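Asks: 57 is the number of the first residue of the sequence shown in our numbering; add one for each residue after it.
Every residue, glycine too, gets a C-beta built ideally from N, C-alpha and C.
Computed from a prediction, not measured in an experiment: that's the story for all the values here.
Encoded as structure tokens, here's the structure I'll be asking about.
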Amino acid sequence: MTAEKNAGMIIDKAYRLAEVDPRLYSSFIEHLGRAVYGGIYDPGHPEADEAGFRRDVAGMIRELGVPLIRYPGGNFVSGYNWEDGVGPVADRPRRLDLAWRSIEPNWVGTNEFIGWARGVGADVMMAVNLGTRGVDAARQLLEYCNHPGGTQYSDLRITHGYKEPHRIKTWCLGNEMDGPWQIGQKTAAEYGRLASETAKAMRLVDPEIELVACGSSFRAMPTYAEWEATVLEHTYEQVDYLSLHTYYGNPDNDTANYLARSLDMDLFIREIIAVCDYIKAKKRSRKTLQLSFDEWNVWFHTLESDKQVAPWQLAPELLEDRYTFEDALMVGSMLITLLNHADRVRIACLAQLVNAIAPIMTETGGCAWKQTIYYPYLHASLYGRGTVLVPVLDCGKYDSKDYTDVPLLDTAVVYNETQEALTIFAVNKSLEEATVLECDVRGFAGYRVVEQIVMTSPDLKAVNTADVPHAVIPRRVQGAEVEDGRLTAVLPALSWNVIRLSKMADEPDTQKRQNRS
């Protein structure tokens, strides 16, 4: 693969795509492996608070600024009885979790998780079980969470010590219901009817909620697109979002092909938009359906080793992928893809948050540390708030095993008019050469470079560990500058880049505090 020496880009504030919904930087915690027990919750740990949740982990999540966390699954939710996770902990049953063939002790349930999430600054995106259960359980859980009082389930919440309703706004109608691995798998027609009736009942309980219907589990599903069309035939006017899920990996150790997979994500989004708009036209609806990309990440490192984990353990080590620098580049490109579809993708959840395919890892009884993928996620969340602009990019391209005309640069541009700030995110996919990026920014008179962040490594397979937590971290570099309305910056080969410009004399105080953290 060869790289062009130079790349050109024109940025103008008049060419706007959409305001970024802060929920684009959401995440996901499932009762899976050590995500909850030994992850966010570890009552015997020196960092545990009075409720048993780890303060060090919570601090890392607060630093990310995660606005919304999907819970409790995932595959787990399709066999979950929500009543098992409320009331006195000593009275809660231990269950077989069939999704992950583990023991679920129910030490953490609805109330505890919501309280923890609010403590780290996040709202909760609650999923209901449409696998083994249905309309009744969903409406009862909603009543328990959101109704003020005076009814069976709202009063039950009050007896459990939560007088004020939780006011959960966003609800997932099941999870991956097309998947043969899913407990209670359904055809598109079966799921569409059930989701429609569940939505109807839930809106009668609380008309203010918003609902997410299940799309295909991933783009390669045999019923892909037909599933979405059939489900939306039943649910289009009852739901607000359709879900997308995808994970990428590099089992063939082909970096060029791996990093090209952001094109697959882009095409996935475009195709689902087309299906949604087809149903909109067919129904002559005035509503435009939005998308919730509520599972996305890199996941492949532990697919084989997880098969060897003995069943029926409590909090086994499952899906504990150790992410490389190469994986951080892929996550950066996926974040850029989501930003460039901010007009329709309003919610996106990095799956997951702690230990299980996660940016944050913990040692049982020991430290917590940040994986390589933590940093692109952090930068996008901190600096990707505002309006996504549509730049004109001219860069080299390459062909890989599965893709043609792959741009050497993935880029997204976010303009925060209130803060008079402009941020360019870029992944240089060239294996060989740095790229000199020249941007026409004449529409941003008076703006200067306040920071250039680069993440690169001579070792694509380098990882952070508990012993060496800073093996791969971003660094601030000098060199990017604006002169006569042209920004020039060097993007190293195989690198994640953040270039921040501002018209203000100093950075906003909030950003100063975030940078110091």
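Do the stretch 410-427 and the stretch 445-454 touch if we need at least three Cβ pairs shorter than 8 Å?
Replies: Because the criterion of three Cβ pairs below 8 Å is not met, the stretch 410-427 and the stretch 445-454 do not touch.
Asks: For Trp156, which of Ala384, Thr544, Trp368 has the nearest alpha-carbon?
Replies: The shortest C-alpha separation from Trp156 is found at Trp368.
Asks: Which residues in the same chain as Cys423 place their Cβ atom closer than 7 Å to its Cβ, once the five residues preceding and following it in sequence are excluded?
Replies: If we look at Cys423 and ignore the five residues flanking it on each side, its Cβ neighbours are Ala522.
Asks: Thinking C-alpha only, which one of Arg118, Lys363, Arg317 is nearest Tyr574?
Replies: A query on residue 574 cannot be resolved here, the shown segment of the chain reaching from 57 to 573 and no further.
Asks: In whole angstroms, give me the CA-to-CA distance for Glu232 and Tyr304.
Replies: Spanning the two alpha carbons is a distance of roughly 17 Å.
Asks: Hey, out of Ala337, Asn309, His301, whose CA is closest to Asp320's CA?
Replies: Considering only alpha carbons, the answer is His301.
Asks: Less than 8 Å between the beta carbons of Tyr379 and Gln346, yes or no?
Replies: Cβ distance not < 8 Å, so Tyr379 and Gln346 don't count as in contact.
Asks: Nearest to Leu391 by alpha carbon, out of Ala330, Asp377, Val365, Thr467?
Replies: Here the closest residue by C-alpha is Thr467.
Asks: Closest to Leu487 by CA distance: which of Trp163, Pro530, Leu315, Arg498 is it?
Replies: Comparing Cα-Cα distances from Leu487 to each of Trp163, Pro530, Leu315, Arg498, the minimum goes to Leu315.
Asks: Please say whether Thr254 and Met181 have beta carbons closer to each other than 8 Å?
Replies: No; because the gap between Cβ atoms is not below 8 Å, this pair is not in contact.
Asks: Apply the 10 Å Cβ neighbour rule to Gly502 and answer buried if 16 or more other Cβ atoms are within range, or exposed otherwise.
Replies: With fewer than 16 other Cβ atoms within 10 Å, it is exposed.
Asks: Classify Val145 as helix, strand or coil using the three-state DSSP reduction.
Replies: Correct three-state label for Val145: helix.
Asks: With burial defined as no fewer than 16 other Cβ atoms inside 10 Å of the residue's Cβ, what is the status of Leu323: buried or exposed?
Replies: By the 10 Å Cβ count, Leu323 comes out exposed.
Asks: Which value, in whole angstroms, describes the spacing of the CA atoms of Trp163 and Arg326?
Replies: Rounded to the nearest angstrom, the two C-alpha atoms are 41 Å apart.
Asks: Can you list, in chain order, the residues of its chain whose CB lies under 7 Å from that of Arg498, leaving out five sequence neighbours each side?
Replies: Once the five neighbours on either side are set aside, the close Cβ partners of Arg498 are Gly541.
Asks: CA-CA distance, Leu465 and Arg79?
Replies: Going from the Cα of Leu465 to the Cα of Arg79 covers about 25 Å.
Asks: I'd like the span of the alpha helix (DSSP H) that includes Lys256, first residue to last.
Replies: Element bounds for Lys256: 244-261.
Asks: Within its chain, find whatever has a CB closer than 7 Å to the CB of Pro525; leave out the 5 residues flanking it on each side and keep chain order.
Replies: Trp425, Lys426.
Asks: Have a look at Tyr433 and Gly206 and give me their C-alpha separation to the nearest angstrom.
Replies: Distance between the alpha carbons of Tyr433 and Gly206: 43 Å.
Asks: Where does Val113 fall in DSSP's three states?
Replies: Of the three classes helix, strand and coil, the one that applies to Val113 here is helix, per DSSP.
Asks: If you count every other CB in all the chains shown that lies within 10 Å of the CB of Arg110, and 16 or more means buried, which is it?
Replies: Buried, since its Cβ has 16 or more Cβ neighbours within 10 Å.
Asks: Under 8 Å: do the stretch 542-553 and the stretch 469-484 share three or more Cβ pairs, one atom per stretch?
Replies: Verdict: yes, contact present.
Asks: Between the stretch 121-133 and the stretch 182-194, are three or more C-beta pairs nearer than 8 Å?
Replies: They touch, by the three-pair rule.
Asks: By the three-class DSSP mapping on this structure, what secondary structure does Met386 have?
Replies: Helix, per DSSP.
Asks: Taking Asn202 and Asp262 to be in contact with their CB atoms under 8 Å, please state how far apart those CB atoms are, rounded to whole angstroms.
Replies: At roughly 5 Å, the Cβ-Cβ gap stays under 8 Å, so Asn202 and Asp262 are in contact.
Asks: How should Lys219 be labelled, buried or exposed, when 16 other C-beta atoms within 10 angstroms of its C-beta is the threshold for buried?
Replies: Classification for Lys219: exposed.
Asks: Should Met65 go down as buried or exposed, given a rule of 16 or more other Cβ atoms within 10 Å for buried?
Replies: Result: buried.
Asks: Provide the residue span of the alpha helix (DSSP H) that contains Ala173, from first to last.
Replies: It spans 166-175 - the alpha helix (DSSP H) in which Ala173 sits, taken as one unbroken run.
Asks: Quick check on the burial criterion: 16 or more other C-beta atoms within 10 angstroms. Buried or exposed for Asp515?
Replies: Exposed.
Asks: What are the residues that DSSP puts in a beta bridge with Asn353?
Replies: Its beta-bridge partners are Tyr303.
Asks: Asn185 lies in the beta strand (DSSP E); which residues open and close that run?
Replies: Segment: none, Asn185 is in no beta strand (DSSP E) and carries neither H nor E.
Asks: In the stretch 407-447, which residue ranges form an unbroken beta strand (DSSP E) of at least 3 residues, counting only runs that do not cross its ends?
Replies: Taking only runs of at least 3 residues, the beta strand (DSSP E) segments lying wholly in the stretch 407-447 are 416-418, 424-426, 443-445.
Asks: Quick one: residues in its chain with C-beta nearer than 6 Å to the C-beta of Lys69, no 5 flanking neighbours on either side, listed in chain order?
Replies: Excluding residues within five positions, the ones whose Cβ falls inside 6 Å are Tyr471, Gly499.
Asks: From the DSSP output, in three-state form, read off Asn553 for me.
Replies: Strand at Asn553.
Asks: Can you find the residues in the same chain that come closer than 8 Å, C-beta to C-beta, to Tyr200, ignoring five residues on each side of it along the sequence?
Replies: The answer, listed in chain order, is Trp138, Val142, Thr166, Tyr209, Ser210, Leu212, Arg213.
Asks: So Val268 and Ser348 are in contact, right, with Cβ under 8 Å, and what is the actual spacing, rounded?
Replies: Indeed they touch by this definition, with Cβ atoms about 5 Å apart.
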